[in-house]
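Q: The structure is given below, and queries will be raised subsequently.
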Amino acid sequence: MSLHNVPIFDAEVLLECQNNLGEGILWDSKTQLLHWVDIFNSQLHSYDPKEKTYSIDKYLNSKCLTYITPKLNDENFLGTFEGNLIELPKPTKPFEFIENSNSNLINKKIKINQKNYLKIISEPLNKELVLNETIRFNDGGVDPIGRVFFGSMGQNEKVPKFPGELWQIDLDGKETKILDEVGVSNGLGFSSDGKKMYYIDSRKDQIDIFDYDLLTGKPTNRRKFASSPPPLDKENPTEGVYDGLCLDGIGNIWVARWRNGRVIGFNSNGDIIAMITVKGSKGATIPCFGGPNLETMYIATASSYLGGEGDSEKYPNSGDLYSIGFGPDSPIRKVLGDNWKGAERYRAGI
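Residue numbers (the working numbering): -17 to 332.
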């Protein structure tokens, strides 16, 4: 007997990049490139799915690069190191040809480009807590007019105290603390009309929703949007926590389930509409939509923090990049309907 009637689809490995902690994935429609970070290697990865070329930029000034977003008015990016929001130069254009996109890149001599950040934009965290590794920045998001949200986390997730914070920087550079007592600040996104903000603190294993005032940038009326999901099947119980998220063009929310090897799709009412597996990987971290028509979902994963003994053998593709088509003839499109469309993340306006 089935545990649920939610349709399940399988994403496929696109690149065997074996990231330690792949995160922050996004599509840049201006360049038609995919970008993501490998947090603890302080790397920005770029991939051109049309040309099948690849590049890696490594930032020398930080122990980690946790989040990236393209800027609205130029080719640079914003990002977060462990303790600050910084401006990064334009990512290196992918140039390493990957003949077979699913070949193992660990065995290839991919050139790593050494880079430095351009400037520090904000340093709102307690510097002592950053230096002693109590806290660091993690994920972020951008609202429809370009305000940037960037959140921190407690590095020891076993302690009861929640030392993280969620910060916002406005278009005029004004910094505002939006939340404190955050465990692990993670996925954040906005409805297309800008009236709702979705947010995940992974220590709470739920998705929250706020009313959002686009004029002032103030979220209010926080409440639970979704609880932990049902098991995938009898062999795959519900484990892990919610991680990164993205929204499509009709208001559905797609959320990675960390340490549970799947992405879960919700409609705006909070009902689960589909689940996408990343077989061979336990650490799904964050999805995004991309491709020429925004009809491909890309999913970053991690090889770190797998958990139980033998997990590395059981999940050999943890850390790889996955994709699944949402085109008109795809199986998942038959569930979502003819009017479905993808959406790109918003760009930073600061």
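Even glycine gets a Cβ: it sits at the ideal position worked out from N, Cα and C.
Is DSSP giving N43 helix, strand or coil here?
A: Coil at N43, not helix or strand.
Q: In chain order, which continuous runs of the alpha helix (DSSP H) of length 4 or greater are located wholly inside the stretch 52 to 123?
A: As far as the stretch 52 to 123 is concerned, its whole alpha helix (DSSP H) runs of at least 4 residues are 109 to 113.
Q: Pull up the distance between the alpha-carbon of A330 and that of P274, whole angstroms please.
A: Distance between the alpha carbons of A330 and P274 is about 21 Å.
Q: Leaving out five residues before and five after D125 in sequence, what residues of the same chain have Cβ atoms less than 6 Å from its Cβ?
A: Result list for D125: F172, in chain order.
Q: Using only the alpha-carbon positions, how far apart do I92 and S44 sit?
A: So the two alpha carbons sit approximately 21 Å from each other.
Q: Only counting the same chain, and skipping five residues up and downstream in sequence, which positions put a Cβ closer than 6 Å to that of C270?
A: Cβ neighbours of C270 beyond the five flanking positions: I7, L8, W9, C228 and Y280.
Q: Please state whether the Cβ-Cβ distance between G233 and L170 is less than 9 Å.
A: Contact: no.
Q: Tell me whether the beta-carbon of K323 lies closer than 9 Å to the beta-carbon of G247.
A: Not closer than 9 Å, so no.
Q: According to DSSP, is D225 part of a helix, a strand, or is it coil?
A: Three-state DSSP puts D225 in a strand.
Q: Using the beta-carbon count (16 or more within 10 Å), is Q25 buried or exposed?
A: The residue in question, Q25, is buried, as its Cβ has 16 or more Cβ neighbours within 10 Å.
Q: Beta-carbon within less than 7 Å of L42's beta-carbon, same chain only, minus the 5 sequence neighbours each way: which residues are those?
A: For L42, where only same-chain residues beyond five positions count, the Cβ hits under 7 Å are Q96 and N98.
Q: Bridge partners of P201, per DSSP?
A: BP columns for P201 point to Y194.
Q: When you compare the stretch 130 to 143 with the stretch 102 to 120, are there three or more beta-carbon pairs, one atom per stretch, that lie closer than 8 Å?
A: The stretch 130 to 143, when compared against the stretch 102 to 120, does touch it at the 8 Å Cβ threshold.
Q: Can you have a look at P211 and say buried or exposed, based on whether 16 or more other CB atoms are within 10 angstroms of its CB?
A: Its Cβ being crowded by 16 or more others within 10 Å, P211 is buried.
Q: Provide the residue span of the beta strand (DSSP E) that contains K159, from first to last.
A: Taken as a continuous stretch (DSSP letters only), the beta strand (DSSP E) holding K159 covers E157 to V164.
Q: Measure the CB-CB distance between R244 and V260 and report whether it falls below 9 Å.
A: Yes; because the gap between Cβ atoms is below 9 Å, this pair is in contact.
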